[in-house]
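Below: the structure, in structure tokens.
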Amino acid sequence: MKNIQSVSYTYCARQKALAALCRQTGVFEKAVIGKSCGGREIAVYRLGRGRSYRLLAAAFHGSEHLTAVVLMMLMEEIAQALCHDGAVNGISIKEKLQDHGLLFVPCVNPDGCEISLCGSVAAGSWRGRIERWCGKDCTHWNANLRGVDINHNFNAGWRELRQKECDAGIFGPGPTRFGGFAPESEPETKAITALCRTLPIDRAAALHSQGEVIYPYYGDQTPACTRRMAEVFSQASGYQIEEPVALAAGGGFKDWFIETFCRPGFTFELGRGENPLPPEQAAAIYEKAKEMLLLFAFGVF
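Counting in numbering that gives the first Met the number 0, the sequence shown runs from 0 upward without gaps.
Structure (structure tokens):
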């Protein structure tokens, strides 16, 4: 049964769709790993159990809510194949899950996504502050409820990035690119880092948009196998391998994962255009990225 559609999912709609997916397939274990500033759940969906896991997380930025839809599409296709003892792109899911499990976090920043989709009304008591920071058009809102950019809040090159923010005139909370007053200050950041510290995760990927780009490197801790992995992902998707510059360098989840664990971490920038990407593009974006995502989840390097 097709459950996930190419639509914009509000928080409640996304929760219902994920609950239906879990109920229909019966293969996911859901665990709440934290609550957002606004009290919304941040959940991980575990598939299989093994000595290690591979993590895919999406929607770190509010206006990139389409990445949650793409990840949910992947979850659904893998789960359906597992239920029917089938394969996806020639990959036997049941067989592969004997080697390692998968972890999916569809929405790291539920408050930011809700603000981008529904406007300042989604911010509750913070509505006035949100409107002061960005006016009444919140479509391009990326930060969390407190105006902190989650993908600038991880403790990897955070101080250097904070200086770059100041040099760019970013001194406090706002719609995007403010990394907070301290690294890992936000509940959303803490939720995903605690998950990584709790379970043996051997590789991690952050889904962002847009640009059809792969960011695979961070400093001297980048594992030697990373280049080969990135090349395979690039060949599978047509995405280009690049290195972030300026305010896009440092402070991100991928950077923190590589530096902390010395294991492969990737940022996949899905699709092309201006964020937020149109929801009707989700299916096409997924189809183009699917082999890359499957190779990340199941590939042997």
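From the three backbone atoms N, C-alpha and C, an ideal C-beta is built for every residue, glycine too.
| task | Give every residue of the same chain whose Cβ lies closer than 8 Å to the Cβ of Arg48, excluding the five residues on either side of it in the sequence, and list them in chain order. | result | Residue 48 sits at position 49 when you count from the first residue of the sequence shown. The residues are Gly100.
| Thinking just about the alpha-carbon of each residue, which of Glu187, Ala283 and Met74 is nearest to the one in Ala19? | Position 20 of the sequence shown, counting from 1, holds the residue named residue 19. Among Glu187, Ala283 and Met74, the Cα nearest to that of Ala19 belongs to Met74.
| query | Can you pull the DSSP bridge partners for Tyr285? | reply | Taking the sequence shown and counting its residues from 1, the one referred to as residue 285 is at position 286. Paired residue(s): none; Tyr285 is not in a bridge.
| In whole angstroms, what is the alpha-carbon distance linking Pro182 and Trp132? | Along the sequence shown, one-based indexing puts residue 182 at 183. Along the sequence shown, one-based indexing puts residue 132 at 133. The straight-line gap from Cα to Cα measures roughly 21 Å.
| query | Which value, in whole angstroms, describes the spacing of the CA atoms of Ala67 and Ile284? | reply | Indexing the sequence shown from 1 puts residue 67 at position 68. Indexing the sequence shown from 1 puts residue 284 at position 285. Each residue's Cα considered, the two are about 12 Å apart.
| field | 8 Å Cβ shell around Gly171 - same chain, five flanking residues per side excluded | value | The residue given as residue 171 occupies position 172 in the sequence shown. Answer for Gly171: Gly146 and Phe177, listed in chain order.
| message | Can you look up Gly123 in the DSSP assignment and give me helix, strand or coil? | response | By 1-based counting over the sequence shown, the position of residue 123 is 124. In this structure, Gly123 counts as helix in the three-state DSSP scheme.
| task | Rank Leu55, Thr9 and Ala16 by C-alpha distance to the C-alpha of Ile191 and give the top, closest one. | result | Stepping through the sequence shown from its first residue, residue 191 is reached at position 192. Cα-wise, what sits closest to Ile191 is Leu55.
| request: Answer with buried or exposed for Val31, where buried requires no fewer than 16 other C-beta atoms within 10 angstroms of its C-beta. | output: Taking the sequence shown and counting its residues from 1, one reaches residue 31 at position 32. Answer is exposed; the Cβ neighbour count stays below 16.
| Cutoff 6 Å; reference Glu109; Cβ partners in own chain excluding five residues on either side | Within the sequence shown, numbered from 1, the residue matching residue 109 stands at position 110. Strictly speaking, residue 109 in this sequence is Pro, with Glu absent from that position. The answer, listed in chain order, is Tyr10, Ser35 and Arg39.
| task | Please go through the same chain and pick out, in chain order, the residues whose beta-carbon is closer than 7 Å to the beta-carbon of Asn154, but skip the five residues on each side of it. | result | For the purposes of this step, residue 154 is taken as the residue at position 155 of the sequence shown. Only Pro182, Glu183 and Trp255 meet the Cβ criterion.
| Three-state secondary structure (DSSP) at Lys135? | Taking the first residue of the sequence shown as 1, we reach residue 135 at position 136. In the structure shown, Lys135 sits in coil (DSSP, three-state: anything other than H, G, I, E or B).
| message | By the DSSP assignment, the beta strand (DSSP E) with Thr266 in it spans what residues? | response | Here residue 266 refers to the residue found at position 267 of the sequence shown. Note, Thr266: beta strand (DSSP E), Gly264 to Glu268.
| query | Any idea if Glu164 is buried or exposed, counting beta-carbon neighbours within 10 angstroms, 16 or more meaning buried? | reply | Start at 1 with the first residue of the sequence shown, and residue 164 comes out as number 165. It is buried - the Cβ of Glu164 has at least 16 other Cβ atoms within 10 Å.
| query | What's the call for Glu230, buried or exposed, on a 16-neighbour Cβ count within 10 Å? | reply | Position 231 of the sequence shown, counted from the first residue, corresponds to residue 230. Exposed: under 16 other Cβ atoms inside 10 Å.
| field | Expected contact under 8 Å - CB spacing of Phe232 and Leu294 to nearest Å | value | The residue you call residue 232 lines up with position 233 of the sequence shown. The residue you call residue 294 lines up with position 295 of the sequence shown. That belief holds up - the Cβ atoms of Phe232 and Leu294 are roughly 6 Å apart, short of 8 Å.
| request: Hey, could you find the ends of the beta strand (DSSP E) Lys1 is sitting in? | output: In the sequence shown, the residue the question calls residue 1 occupies position 2. Careful: Lys1 lies outside any beta strand (DSSP E) and carries neither H nor E.
| Count the other CB atoms within 10 Å of the CB of Tyr244; is the residue buried (16 or more) or exposed (fewer)? | As a position in the sequence shown, residue 244 is number 245, starting the count at 1. In the sequence as displayed, the identity of residue 244 is Val instead of Tyr. Under this definition Val244 is an exposed residue.
| request: Note down the Cα distance separating Val299 from Phe252, rounded to an integer number of angstroms. | output: In the sequence shown, counting from the first residue as 1, residue 299 sits at position 300. In the sequence shown, counting from the first residue as 1, residue 252 sits at position 253. Those two C-alpha atoms are separated by around 23 Å.
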